[in-house]
Amino acid sequence: MPDQLEIVIVPIDDHPTAQVLAIGALLALEWAAPYADITIGSDGLSVCEPSPQVAGGLLRLSSDRKERLGIAARSATHSGETKIHLVENDDGDWNLSTKLDPWTATGLFFAASTFTPATTAGAALQRILDVPKREDPRTIELLELSQDWALQQIDHMIQDVASRSPRRIANTLQSATAELEALTHTHELLRSRYQADIEIMNPDPDSDPNP
3 MPDQLEIVIV PIDDHPTAQV LAIGALLALE WAAPYADITI GSDGLSVCEP
53 SPQVAGGLLR LSSDRKERLG IAARSATHSG ETKIHLVEND DGDWNLSTKL
103 DPWTATGLFF AASTFTPATT AGAALQRILD VPKREDPRTI ELLELSQDWA
153 LQQIDHMIQD VASRSPRRIA NTLQSATAEL EALTHTHELL RSRYQADIEI
203 MNPDPDSDPN P
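Each residue of the sequence shown is one higher than the one before, starting from 3 at the first, in the numbering used here.
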């Protein structure tokens, strides 16, 4: 999309805990601003640093994706151990000799049998592992924390860009609106095309499909 809002997430350091938090921030911002181009890097026009509050963004990863990340992380770190026990130190580093990129650190985090935190950020990550099911009230709480953080970041960035380049914000909103209209049109077209099938599957739209 032209004139996308470009956001760069800058991890607070290169330790694994900070790398995993960067992924949480990425997932939270993707939810809050699907119209933006969001990356993890070291510099950019609109940048933000993750806080422990973004840990809930990791809950947006599906079980299948976490499993795939874990398999890839084991392969990348040559970890053939049946169980991985991660121990964080006061700097946010883990008991590993390998330097990890954000996705590999995240995969290893979810593949670990245990994670022992030593920092505030590490404790926030531990809370993610403590949530047994997506329906758990704690899941909603953690997601809301990450969403609040993401929305605040987006508000600040839009205000900042608007103060420097009002025209760019106008173009971004116009592009986002055009894309939304295109998606709405596609949805209506598909629905009309398959309306007969829909009616066959549910001949009485007012009836309860699960009496």
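Even for Gly, the Cβ is constructed at its ideal location relative to N, Cα and C. What you are looking at is a predicted structure, and each value in this text was computed from that prediction instead of being measured.
Cβ neighbours of residue i in the same chain (closer than 6 Å, five flanking residues each side left out)
i: Phe-111; result: Val-22
i: Ile-156; result: Ala-34, Ala-35
i: Arg-136; result: none
Nonlocal neighbours in the same chain, by C-beta distance under 7 Å from residue i, ignoring five residues either side
i: Gln-128; result: Phe-117, Pro-119
i: Gly-109; result: Leu-71, Gly-72, Ala-74, Ala-75
i: Pro-213; result: Caution applies to Pro-213, whose pLDDT of 47 falls short of 50 and renders its modelled position unreliable; the model cannot decide the point.
Residues sharing a beta bridge with residue i, DSSP
i: Leu-88; result: Phe-117
i: Thr-41; result: Val-10
i: Val-49; result: Val-10
i: Trp-96; result: Glu-90
Inter-residue Cα distance where the pair is residue i and residue j
i: Ser-77; j: Tyr-37; result: 33 Å
i: Pro-104; j: Ser-194; result: 43 Å
i: Asn-123; j: Ser-165; result: For clarity, residue 123 is Ala in the given sequence; the question names Asn instead. Approximately 33 Å, taken between the alpha carbons.
i: Gly-94; j: Ser-167; result: 38 Å
i: Pro-211; j: Leu-153; result: Interpretation of Pro-211 is limited by its pLDDT of 48, a score under 50 that renders its predicted location unreliable; no figure is taken from the coordinates.
i: Met-3; j: Met-159; result: With a pLDDT of 46 at Met-3, under the threshold of 50, the predicted position of this residue should be treated as unreliable, and no value is reported.
i: Leu-144; j: Ile-9; result: 22 Å
i: Val-89; j: Ala-125; result: 12 Å
i: Asp-138; j: Asp-66; result: 19 Å
i: Glu-51; j: Leu-28; result: 11 Å
i: Thr-79; j: Asp-39; result: 29 Å
i: Thr-41; j: Val-12; result: 9 Å
i: Ala-24; j: Pro-18; result: 10 Å
i: Glu-69; j: Leu-61; result: 13 Å
CB-CB length for residue i against residue j, believed under 8 Å
i: Trp-151; j: Ser-53; result: 6 Å
i: Gly-59; j: Ser-115; result: With 8 Å as the limit, Gly-59 and Ser-115 do not qualify as a contact, their Cβ atoms being about 23 Å apart.
i: Ala-113; j: Ile-86; result: 6 Å
i: Leu-7; j: Val-163; result: 7 Å
i: Val-56; j: Gly-26; result: 4 Å
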